[in-house]
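Right, one structure below, let's go through it.
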Amino acid sequence: MDVNEAMRSFDATSRLRSRYGRSQDMACSQAHRLIDWSFSQVEWGLSAFLDTPHWPTNTMLPDEGAFKALVFTLVI
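Residue numbering for the sequence shown follows this note's numbering, starting at 110 and increasing by one per position.
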């Protein structure tokens, strides 16, 4: 391989790396946003579950709506 071929190969490799490196960064930031959103949903579900009066005197089962919200957010 002569110098010109090596330079062309290096240029092509660096172009590919810069192109796909940016898309990897974008995918990572999207994944981080999804994780942040998921945690916010879990926090919302827990706060909805804990803020409602979910321990009635006649039963020991939690409030059905808040419990479903908690289970739904934990499943997601």
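Virtual Cβ for every residue (Gly too), placed ideally from N, Cα, C.
Burial state of F148, where buried means 16 or more other Cβ atoms lie within 10 Å | exposed
Under the rule that 16 or more other beta-carbon atoms within 10 Å means buried, what is A191, buried or exposed?
-> This structure leaves residue 191 out entirely; the chain is present only between 110 and 185.
Does the beta-carbon distance from T182 to W146 come in below 8 Å?
-> no
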